[in-house]
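Numbering (my numbering), first residue to last: 258 to 323.
Below, the structure is given as structure tokens:
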């Protein structure tokens with residue numbers, strides 16, 4: 258079965274397949290990308306420093322704005 262992004266069987270727990278969308282055109286796209294990376298960060302060991310470089314993409318108030 259699947260729970261919070263994990264595929265769980267009787268003997269194995271593994272992350273579900275993830276597709277990351279990197280075509281960022283709007284604030285909403287940036288929010289989705291950072292959310293996907295934030296979820297993936299502890300699984301693959303992405304350091305916070307790398308995510309900090311992407312955080313300026315989150316500035317703005319209109320989700321549809323470029």
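Even for Gly, the Cβ is constructed at its ideal location relative to N, Cα and C.
Which of the three DSSP states, helix, strand or coil, is assigned to residue i?
| i | result |
| --- | --- |
| residue 263 | strand |
| residue 272 | strand |
For residue i, verify whether its CB is less than 6 Å away from any heavy atom of the ligand ZN.
| i | result |
| --- | --- |
| residue 284 | Annotation note on the ligand ZN: not contained in the displayed structure, which lists no ligands. |
Can you pull the DSSP bridge partners for residue i?
| i | result |
| --- | --- |
| residue 281 | BP columns for residue 281 are empty, so no partner. |
For residue i, which of the options has the nearest alpha-carbon?
| i | options | result |
| --- | --- | --- |
| residue 287 | 308, 264 and 267 | 308 |
| residue 269 | 259, 278 and 277 | 259 |
| residue 289 | 300, 312 and 303 | 312 |
Would you please state the rounded distance, in angstroms, between the beta carbons of residue i and residue j? I believe it to be under 8 Å.
| i | j | result |
| --- | --- | --- |
| residue 262 | residue 273 | 6 Å |
| residue 275 | residue 293 | 7 Å |
Does chain D have any CB closer than 7 Å to the CB of residue i?
| i | result |
| --- | --- |
| residue 301 | Here chain D cannot be found, since the structure has a single protein chain. |
Practice task
Run through the region 285–314 for me and flag every whole beta strand (DSSP E) of 3 or more residues, listed as ranges in chain order.
Solution key: Taking only runs of at least 3 residues, no beta strand (DSSP E) segment lies wholly in the region 285–314.
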